[in-house]
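Protein chains: 2
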Amino acid sequence: MFTGMSAFPLTPLNESKIDEHAYLKIITRLVDAKVDSICVQGSTGSYAYLTLKERAHLLRLAVEEANGIPVMTSIGALRTRDVLIAAENAQKMGASALLLAPVSYQKLTLDEVFSLYETVAGEISVPLCIYESPGTTHFDFSPSLLLNLARLPNVASIKLLGGYPESENYLNRITNLKNALPTHVSLGISGDVFAAPSLSAGCQIWYSVIGGLFPRVAMKIAHLAITGKGDEAAQQSAKLAPLWALFRQYGSLRVVASAAAMLGLAENGCLPLPLKTLHGDVCKEISDVIESVQLS
Amino acid sequence: MFTGMSAFPLTPLNESKIDEHAYLKIITRLVDAKVDSICVQGSTGSYAYLTLKERAHLLRLAVEEANGIPVMTSIGALRTRDVLIAAENAQKMGASALLLAPVSYQKLTLDEVFSLYETVAGEISVPLCIYESPGTTHFDFSPSLLLNLARLPNVASIKLLGGYPESENYLNRITNLKNALPTHVSLGISGDVFAAPSLSAGCQIWYSVIGGLFPRVAMKIAHLAITGKGDEAAQQSAKLAPLWALFRQYGSLRVVASAAAMLGLAENGCLPLPLKTLHGDVCKEISDVIESVQLS
């Protein structure tokens, strides 16, 4: 399941409840577009803001709706204890794979992160994806840590962040990792603007934010790049430059949540406070972007 | 209550339970040392790793044990909704003040952080302390945001991080803020190595990690500095240089948790996994530091 385009949908909610109707409407779009896989309650699905019980319930709804498309979910939590509970819940609810970022409040050491993954990998029976997300976890995976983690049982994919770290050429990093990783561990890319070149450079899967809202355009870019049509993939991605600029400025979550509301797929303000959807002049920009995405 | 030395004790725990016996033993030491105030379930008290229910229960125990010493607690959480619940719980359990850091998973904007504090300040009836903690929240308060927050109702103190930001002289920052803040808002310092010079530069309270374990030495340094004996305070603080070096290398939480275990005040491994206490050669260094602190 770790090839192609994995769509990361929103979990629309407000201060009093999760909007399950909107959530399922968004997942249905992904099923209709025949995405390769779905990751519910990833960062874009606000897993960190939900209780373990809410996450288990939402996963079950998604698996029922997915019509056989593999569903992954994040099991990240501040405490190892809660990660293990999330993993057990997710397996019970039918997750095909688990995604784990080293969520932190106190900055974690390399040893602590290795132990976290070692503990979890030893307890699960479905594939695990290692999630690099320095913007939310503030943890830097060293290349040697990634290689050590890749040797743990059940580890099946690494979700890298494109363009990271800024101090080196990220495409070289992808090539080097690809050459060093066991072949059964797939290399995946996140950071949508970096997807097309990263897939052309050897990544096998795009863990995609826009794929959660605009699955057809993300599927098109991913499959062009994976089948060797890197130039066409890059052209398609370049058409979305205004969207990538909005992501950079406001964060992808605020932009896709605002876009979902403008498309009638969720209510306004569908993020957990203190996070806010966007308002004012930027909405016109988002509206223009939506139009161009729908045409592409 | 926002002057002098506020002690931040540990919350010793393991994967199956909170060690309430050890927790109360540590608090009793603070009461015996007549600290100016206590902040339970601050960052050193692992608030971020505890449930709202656990936090409320632990606060009640602390207030009962405190013998009239004012007790503050952190109300931080990822969701505004949970911050409000924590605030309500804390007030019910007898908190004299509330401490709030802008906890994040998705990076927060200035506007989101202002709204968070505005919402909370409008709902509470005890003083609020604004908590700058870039190492755990990854949020940078601008000077103008701090001044705007200081004007909100119930805001009574700001807990700055000493030595931060690295790009400017932190003592100048303290002087500038002190001159600009309303006089009813006290300026406090955290980052223990920076306490003595910051108190001499005009901070009124030290929010102290070592105060949670070695209350007498922290009280001595704080009160020397506050009563104009800055040189003596600096000398006392300089004696602890090996401790400050350990804090910098391993993080203050791992060091004080390890020291508490070595002192018989908590069990080994009293932090929430994936966080680990220290082991190996560094324990000898900690043991030497403990000896020198106890002599000072």
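In order, the protein sequence lines correspond to chains L and U.
Quick note on numbering: the first sequence equals residues 1 to 296 in the working numbering.
Quick note on numbering: the second sequence equals residues 1001 to 1296 in the working numbering.
Ideal Cβ positions, reconstructed from N, Cα and C, are used throughout, including at glycine.
> CB-CB under 8 angstroms to L/N67, same chain, minus the five flanking residues each way: which ones, in chain order?
Replying inline: V31
>> Using only the alpha-carbon positions, how far apart do L/A225 and L/A257 sit?
In response: 27 angstroms
>> Can you find the residues in the same chain that come closer than 8 angstroms, C-beta to C-beta, to L/Q236, ignoring five residues on each side of it along the sequence?
In response: A196, V217, K220, I221, L224, S296
> Hey, how far is the Cα of L/L199 from the Cα of L/K92?
Replying inline: 32 angstroms
> Given that a residue counts as buried once 16 or more other Cβ atoms are within 10 Å of its Cβ, and exposed if not, what is U/D1192?
Replying inline: buried
>> Would you call the region 1079-1086 of chain U in contact with the region 1049-1056 of chain U, where contact means no fewer than 3 C-beta pairs closer than 8 angstroms?
In response: yes
>> For the pair the region 198-212 of chain L and the region 32-45 of chain L, tell me if three or more CB-CB distances fall below 8 angstroms.
In response: yes
> In its own chain, which residues sit with a C-beta less than 7 angstroms from the C-beta of L/P272, not counting the 5 before and 5 after it?
Replying inline: L13, S46, Y49
> Can you give the Cα-Cα distance for L/K107 and U/R1254, rounded to whole angstroms?
Replying inline: 11 angstroms
>> Strictly below 8 angstroms CB to CB, what residues from chain U border L/R81?
In response: E1015, P1272, L1273
> Quick one: which chain L residues come within Cβ less than 8 angstroms of U/K1053?
Replying inline: In chain order: nothing, as chain L lies at least about 12 angstroms away.
> When the cut-off is 7 angstroms and only beta carbons count, does U/L1110 lie next to chain L?
Replying inline: no
>> For a contact defined as C-beta to C-beta under 7 angstroms, what are the partners of L/G135 on chain U?
In response: K1107
> When the Cα of L/S190 is compared with those of L/A180, L/A95, L/K178, L/C203, which residue comes out closest?
Replying inline: L/C203
> Under 8 angstroms Cβ-Cβ, which residues of chain U neighbour L/G251?
Replying inline: Q1106, K1107
> Are the C-beta atoms of L/L149 and some chain U residue less than 7 angstroms apart?
Replying inline: no
>> 7 angstroms is my cut-off, CB to CB: does U/H1138 come that close to chain L?
In response: yes
> Taking Cβ positions, are L/N89 and L/P127 nearer each other than 7 angstroms?
Replying inline: no
> Could you check where the beta strand (DSSP E) with L/L239 kicks off and where it finishes?
Replying inline: Inspection of the sequence shows that residue 239 of chain L is occupied by Lys rather than by Leu. That residue, L/K239, is in no beta strand (DSSP E); its alpha helix (DSSP H) goes 230-239.
> Taking 7 angstroms as the CB-CB cut-off, is U/L1084 touching chain C?
Replying inline: Note that chain C does not occur in the displayed structure, where the protein chains are L and U.
>> On the CB-based measure, 16 or more other CB atoms within 10 Å of its CB, does L/G122 come out buried or exposed?
In response: exposed
> Per DSSP, what kind of secondary structure is U/I1018 in: helix, strand or coil?
Replying inline: strand
> Per DSSP, U/I1205 is paired with what?
Replying inline: U/G1004, U/G1188
>> Assuming U/E1267 and U/A1101 are in contact, meaning their beta carbons sit under 8 angstroms apart, how far apart are those beta carbons, in whole angstroms?
In response: About 28 angstroms; that fails the 8 angstroms criterion.
> Looking at the unbroken beta strand (DSSP E) that takes in U/T1073, where does it start and where does it end?
Replying inline: 1071-1074
>> Let me see if you follow: with CB-CB separation under 7 angstroms, is U/Y1131 close to chain L or not?
In response: no
>> Can you pull the chain L neighbours of U/Y1049, defined as C-beta to C-beta under 8 angstroms?
In response: L78, R79, Y105
> Is it the case that the Cβ atoms of L/E105 and U/T1136 are separated by a distance below 7 angstroms?
Replying inline: First, the amino acid is wrong: residue 105 of chain L is Tyr here, not Glu. Against a cut-off of 7 angstroms, the Cβ pair of U/T1136 and L/Y105 comes out as a contact.
>> If you reduce the DSSP assignment to three classes, tell me which class L/Y131 lands in.
In response: strand
> Which same chain residues, not among the five before or five after L/L263, have their C-beta less than 7 angstroms away from its C-beta?
Replying inline: I290
>> Residues in the same chain with beta-carbon distance under 6 angstroms from L/A234, minus the five sequence neighbours each way, listed in chain order, please.
In response: A196
> Which ranges would you report for the alpha helix (DSSP H) in the region 1060-1105 of chain U if only whole runs of at least 4 residues count?
Replying inline: 1080-1092
> Is the beta carbon of L/V63 sitting closer than 7 angstroms to the one on L/G94?
Replying inline: yes
>> So, with DSSP's three-state summary, where would you put U/V1035?
In response: coil
>> Could you pull the DSSP bridge partners for U/K1159 from this structure?
In response: U/Y1131, U/G1188
>> Considering only DSSP beta bridges, list what U/V1293 is partnered with.
In response: In the DSSP output, where bridge partners are listed per residue, U/V1293 has none listed.
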